[in-house]
Amino acid sequence: EYLAAITSYDKALDIWPASPTALYNRSLLQGKLGRKPEALEGWQEYLSYYPSGGMARKAVNHLNLLGDYSFRNYTLGARTVTVEKIYFEPFTADLTRGAEKSLEFVGTIASKMKKGRLQVLVYQLKNKKLAQKKAINIKKYLLNSNPSLKKQDIGISWFDTPEKIKIGKSTRNINDSVSFFISGR
Numbered sequence: 748e749y750l751a752a753i754t755s756y757d758k759a760l761d762i763w764p765a766s767p768t769a770l771y772n773r774s775l776l777q778g779k780l781g782r783k784p785e786a787l788e789g790w791q792e793y794l795s796y797y798p799s800g801g802m803a804r805k806a807v808n809h810l811n812l813l814g815d816y817s818f819r820n821y822t823l824g825a826r827t828v829t830v831e832k833i834y835f836e837p838f839t840a841d842l843t844r845g846a847e848k849s850l851e852f853v854g855t856i857a858s859k860m861k862k863g864r865l866q867v868l869v870y871q872l873k874n875k876k877l878a879q880k881k882a883i884n885i886k887k888y889l890l891n892s893n894p895s896l897k898k899q900d901i902g903i904s905w906f907d908t909p910e911k912i913k914i915g916k917s918t919r920n921i922n923d924s925v926s927f928f929i930s931g932r
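So the sequence shown is residues 748 to 932, counted in the working numbering.
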């Protein structure tokens, strides 16, 4: 009855376009039916309305399983948070405006932590110099946008290899990515 359920969710979304239940369940069913483009679009739409919380983390897992890494979940201290991908202007280390919003969110969490150090890892396949520039720009942005953060509160690393992430039972490679975690001091 998946098709009938999708039709019902579509009708519900005609009435309330931001219905979290309808958006989430319709995307889930699209994925079960193997409709990858519709599922991808649905998860992104859900996250545009509801970018935080437990259901957002689950939506990100579904999105990542489909090979889309425009949102990622990161464990920052005791919290797991959903963060939109950090984008750069093409072929540069210059942050986009959307990246700034995500970094402000990460910086705010890091600035409120009593213990630990924010670690920023940048991966840029076959271009370590660009990865380094990106990492430096991220650290500069975090320090400028969060005055309570000090240089020693942020560690950076950069790699010319893909980031390897485990999703479900498989390991995926992301050629151009930024990752975050909190380390002890």
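Beta carbons: idealized from backbone N, C-alpha and C, even for Gly.
Residue span of the beta strand (DSSP E) that contains residue i, given as start and end
i	result
T918	S917 to I921
K862	First-last for K862: undefined, no H or E at that position.
K897	Where K897 is concerned, there is no enclosing beta strand (DSSP E), given that its DSSP letter is neither H nor E.
Classification of residue i by the beta-carbon crowding that lies within 10 angstroms, buried from 16 upward
i	result
D923	buried
G854	buried
T754	exposed
T822	exposed
D835	As written in the sequence, residue 835 is Phe, which differs from the Asp given in the question. It is buried - the Cβ of F835 has at least 16 other Cβ atoms within 10 Å.
F927	buried
W763	exposed
Q899	exposed
K934	A question about residue 934 goes unanswered here, because the residues of the chain that appear run from 748 up to 932.
E910	buried
Rounded separation between residue i and residue j - CA only
i	j	result
N920	N874	16 Å
R984	G915	Because the chain here runs from 748 to 932, residue 984 falls outside it and cannot be looked at.
A857	L750	44 Å
K848	I833	9 Å
Y796	A765	7 Å
P767	S774	11 Å
K861	D761	46 Å
L872	T918	17 Å
G824	G863	8 Å
I929	A803	21 Å
Y870	S904	9 Å
Q879	A840	9 Å
Residue i, enclosing alpha helix (DSSP H) - first and last residue
i	result
Q879	K875 to S892
Y793	K783 to Y796
T768	P767 to K779
K859	R844 to K859
G801	G801 to L812
A759	Y749 to I762
Bridge-paired residues (DSSP) for residue i
i	result
W905	V869
T829	N820
F927	V867
K913	T918
F835	L842
Any non-hydrogen atom of the ligand MG within 7 Å of residue i CB
i	result
G814	Only the bare structure without any ligand can be found here, which leaves the ligand MG out of the picture.
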